[in-house]
Amino acid sequence: MKFGQALLALCALAVPAAGLINDHKDLNAANQPEIIGNTMWHFGSGGLNIFSPDGSTLVKELGADKVCHNTTGYGGNGWRVRCDFYDVVSDGKKYVFAATARGVAKINVFEIDTGNIVGALPSCESPNDLDYHSLRDEIWIRCYGPNKEGSYLDVVSASGISHEISTNITFIDDGYSRGYVVTHPSLGDVGYATDRDSPFLYKIDLSDRSVMDDGKIPVPLSHGAEQIVYSPVNGHMFVRSTVCCTCGFEGADNGPDCGRYGGDNVTVTTGPWAGPNIIMGRCGYSCDGNAATDINGVFEYDTKNDKLVGKHVMMDGTGGDPFPSPDGQHIVMLARNGGTSIRVLAAGAPGQPSTVFADLELGFNSTTFEGDQVFNDYSFIENAGKKMIVFASGTENKVAIVDLTSGTADISYVTFSEGPVSSYRERRQVEWSVGTNYVWVDGADADEVYVIDVMSKSLV
């Protein structure tokens with residue numbers, strides 16, 4: 051099944067991404083009116099649209115004027131209500147929380163049973179990452195900008211949403227701080243956070259809402275740390291290292307051109323120009339995938355003692371971004387390699403490094419995209435005795451369904467649209483409608499969304 055813009059619109063992925071979330075909670079009040087049941091929620095420029103899992107029925111619609119009514123933004127063709135989303139998370143029982151780009155620092159709250167908007171909670175500036183702690187019943191919010199107390203981490207109670215909780219967690223002295231936060235019931239009242247311009251894994255006391263006294267764990271030979279994921283299988287944290295690289299002269303890591311934003315004076319910690327001296331270069335995303343410097347990849351830490359136990363890179367020796375399976379058994383690494391390969395790790399024993407489960411070469415078109423990250427999302431599926439991962443190509447209108455049920459990777463493909471590639475800047479979102487056969491894939495450049503039956507391997 052394919053939807054056009056009249057029903058469904060995703061916001062461009064160059065700005066804060068639209069959110070897809072599946073409400074698969076146990077309905078404890080199914081006899082009440084307006085209960086929407088098992089549904090797929092789509093957040094986009096048109097507001098919130100809630101569909102049946104197969105997309106055949108539009109269950110509920112809340113326009114942008116209702117969801118993002120507090121702000122307007124200039125889109126080039128006159129003023130409009132801006133309705134873009136950074137992240138969406140649910141407590142699985144009562145509420146859905148959406149970080150909305152709305153000109154003010156707030157989190158939208160919706161009732162999970164009806165889809166009705168409850169209100170908006172204040173947060174730190176530009177919230178980009180939401181993490182739900184089920185035992186504490188709290189939503190932890192990682193922001194680019196600080197709140198009024200100067201904190202880049204905020205927290206709201208999922209059970210008392212009108213109650214504001216004060217935090218004061220800083221990673222830098224001033225300015226924007228990009229990073230992520232991870233909490234988990236098995237970690238108790240401890241969480242972990244990163245900053246892409248600070249070479250530490252920060253250990254957070256969730257009760258005191260502060261960085262712990264021994265909470266700056268070094269990330270070696272790095273400029274900073276960014277993506278962070280956790281496996282409860284072995285109690286290990288997987289941390290993406292960011293590095294600096296040279297540019298602006300012949301023989302530099304990134305060549306003589308420093309790009310649109312020019313170079314800065316940096317200290318390089320990896321590659322042929324590594325040393326204590328200041329040199330012209332860039333840091334962070336500009337160096338991701340650089341064969342000379344992006345060689346730290348993902349560091350693996352044992353949270354029992356916060357010791358470094360391993361390091362993981364892609365097939366070609368460069369770094370990749372880590373993403374976990376829901377059960378923590380696997381960690382998927384995606385890199386700026388045109389999608390030529392994906393590394394899947396199998397979580398090891400506690401205190402021991404994880405191992406390579408598979409290197410997937412899916413065969414999608416990578417011509418002219420060799421240095422791009424054409425995967426930025428995927429979906430794990432466990433249903434009807436099957437264990438699968440679905441990857442959507444950013445360079446073709448095609449998904450790869452990787453069946454891991456037998457312990458090896460069995461790959462099949464589904465083409466969901468003919469004609470021009472519908473992804474926006476080689477990026478797509480992928481979301482499984484939990485408990486069903488259906489996976490949703492966006493085609494933002496064509497204002498379309500596709501629903502695929504992964505069991506029959508066909509477009510619905």
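Letter by letter, the sequence shown follows residues 51 to 510 of our numbering.
Virtual Cβ for every residue (Gly too), placed ideally from N, Cα, C.
Note that the structure is a prediction, hence the values are computed from the model and not measured.
Run the CB neighbour count on residue i, radius 10 Å, all protein chains shown included, and call it buried at 16 or more, exposed below.
| i | result |
| --- | --- |
| residue 429 | buried |
| residue 269 | buried |
| residue 445 | buried |
| residue 244 | buried |
| residue 311 | exposed |
| residue 340 | buried |
| residue 374 | buried |
| residue 506 | exposed |
| residue 406 | exposed |
| residue 188 | buried |
| residue 148 | buried |
CA-CA distance, residue i and residue j?
| i | j | result |
| --- | --- | --- |
| residue 133 | residue 191 | 19 Å |
| residue 150 | residue 178 | 9 Å |
| residue 209 | residue 157 | 15 Å |
| residue 464 | residue 448 | 6 Å |
| residue 286 | residue 319 | 25 Å |
| residue 347 | residue 297 | 21 Å |
| residue 336 | residue 392 | 20 Å |
| residue 443 | residue 216 | 42 Å |
| residue 303 | residue 368 | 14 Å |
| residue 294 | residue 322 | 12 Å |
| residue 289 | residue 84 | 43 Å |
| residue 103 | residue 241 | 33 Å |
| residue 349 | residue 356 | 12 Å |
| residue 343 | residue 441 | 28 Å |
| residue 460 | residue 113 | 42 Å |
| residue 143 | residue 162 | 7 Å |
| residue 436 | residue 364 | 27 Å |
What residue does the beta strand (DSSP E) around residue i start on, and which one ends it?
| i | result |
| --- | --- |
| residue 394 | 392–396 |
| residue 410 | 405–410 |
| residue 262 | 260–268 |
| residue 99 | 97–101 |
| residue 187 | Run containing residue 187: none; DSSP gives neither H nor E here. |
| residue 350 | 348–352 |
| residue 274 | 274–281 |
Following the continuous alpha helix (DSSP H) through residue i, name the residue where it begins and the one where it ends.
| i | result |
| --- | --- |
| residue 115 | 114–117 |
What is the DSSP secondary structure of residue i, reduced to helix, strand or coil?
| i | result |
| --- | --- |
| residue 63 | Low confidence applies here, because residue 63 scores a pLDDT of 22, under 50, leaving its location unreliable; read the following figure in that light. DSSP places residue 63 in coil when its eight states are reduced to three. |
| residue 245 | strand |
| residue 170 | strand |
| residue 374 | strand |
| residue 384 | strand |
| residue 149 | strand |
| residue 336 | helix |
| residue 494 | helix |
| residue 235 | helix |
| residue 363 | coil |
Validate contact between the segment 179–199 and the segment 220–237 using beta carbons, cut 8 Å, 3 pairs: yes
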